[in-house]
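**Q**
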Amino acid sequence: MFHKITLAAACFMTVILAGCNSSGTATANNPQVEDRAKLMKDWRHANEGMKAMIEDPSRFDAITFKERADFIADTNATMWVHFEGEMAQGGHAKDEIWTDPEGFQTKIEAFTSSINALALAASEAASAADVEASYGEMASQCGSCHKAYKKK
Ligand code: HEC
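Structure follows, in structure tokens:
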């Protein structure tokens, strides 16, 4: 009896996995796609807060700016696992992420250096001028990766 139940459960899992595979890009209910979209949106929110302070330096608040830079820097390592493996295809991710993994990795590394540099600059900043250059570099890395690897 126990074995029959185990077998039935195993078959059920196979059906689920086969169902995901046969749809190829498996966008709906794909936890990897959903998790990265959620984190990317949180990054956008953090980024917009920093951008507003760069554009209007009178609004610069060192603690808030640093919190936002740290949030992106601290979650950076958790972002990229959501793009690993063929099951991760879908959403607005271009196929080139999987056909050109070295290129994608290069973008991740350039972004990682830029967000770490920004977090460091933010920890010593007294004004927007102190983080303006490193902020600009970090933000351009978001755009550079999107241009190459994100569908419109
Ligand atoms: C190394 C590549 C890379 C970097 C760096 C990167 N992104 Fe993305 N981003 C992507 C890809 C690919 C997608 C599409 C993912 C999907 O739809 O499945 C995306 C999607 C997004 C989305 C859309 C989320 C949604 O589904 O609504 C936002 C917003 C976003 N990124 C913001 C940012 C911000 C802000 C930064 C910088 C702080 C950033 N990204 C850095 C690759 C990157």
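First residue of the sequence shown? That's 3 in the numbering used here, and the numbers climb one at a time after it. We treat Cβ as the ideally placed atom computed from N, Cα and C, and that holds for glycine.
(1) If I measure Cβ to Cβ from A119 and keep anything under 6 Å in the same chain, skipping five residues before and after, which residues do I get?
(2) Excluding the 5 residues preceding and the 5 following G145 in the sequence, name in chain order all residues of the same chain whose CB lies nearer than 8 Å to its CB.
(3) Please list, in chain order, all residues of the same chain as A124 whose beta carbon is under 7 Å from its beta carbon, the five residues on each side excluded.
(4) Could you pull the start and end residues of the alpha helix (DSSP H) that W82 belongs to?
(5) Does the stretch 43-51 come close enough to the stretch 84-102 to have 3 or more Cβ pairs within less than 8 Å?
(6) Tell me which same chain residues have a C-beta within less than 7 Å of the C-beta of N78, skipping the five on either side of it?
(7) Please return the same chain residues whose Cβ sits closer than 6 Å to the Cβ of A141, not counting the five positions on each side in sequence.
(8) Kindly indicate the opening and closing residues of the alpha helix (DSSP H) around H47.
(9) Give me the DSSP bridge partner(s) of K96.
(10) For K109, does the three-state DSSP call read helix, strand or coil?
(11) For A75, tell me which candidate among H148, L122 and A128 has the shortest Cα-Cα distance.
(12) In the DSSP assignment, find the alpha helix (DSSP H) that holds K149 and state where it starts and stops.
**A** In brief:
(1) The sequence position of residue 119 within the sequence shown is 117, counting from 1. Within the same chain, and ignoring the five residues on either side of A119 in sequence, the residues whose Cβ sits closer than 6 Å to its Cβ are S136.
(2) Mapped onto the sequence shown, residue 145 falls at position 143. None.
(3) Stepping through the sequence shown from its first residue, residue 124 is reached at position 122. Contacts found: F67, K68, A71 and V133.
(4) The count along the sequence shown starts at 1 and reaches residue 82 at position 80. No residue range can be given for W82, since it is assigned to no alpha helix (DSSP H) and is classified by DSSP as neither H nor E.
(5) Judged by Cβ distances under 8 Å, the stretch 43-51 makes no contact with the stretch 84-102, as fewer than three pairs qualify.
(6) Stepping through the sequence shown from its first residue, residue 78 is reached at position 76. Hits under 7 Å: T114 and I117.
(7) The residue you call residue 141 lines up with position 139 of the sequence shown. Listed in chain order, the non-local C-beta contacts of A141 below 6 Å within the same chain number zero, local neighbours out to five positions each way being set aside.
(8) As a first step, residue 47 must be located in the sequence shown, where it is residue number 45. That run of the alpha helix (DSSP H) goes P33 to E57.
(9) In the sequence shown, counting from the first residue as 1, residue 96 sits at position 94. The secondary-structure analysis by DSSP pairs K96 with nothing; it has no beta-bridge partner.
(10) Indexing the sequence shown from 1 puts residue 109 at position 107. Helix.
(11) Along the sequence shown, one-based indexing puts residue 75 at 73. Nearest option by C-alpha distance: L122.
(12) Your numbering for residue 149 matches position 147 in the sequence shown. For K149, the enclosing alpha helix (DSSP H) has its first and last residue at E134 to Y151.
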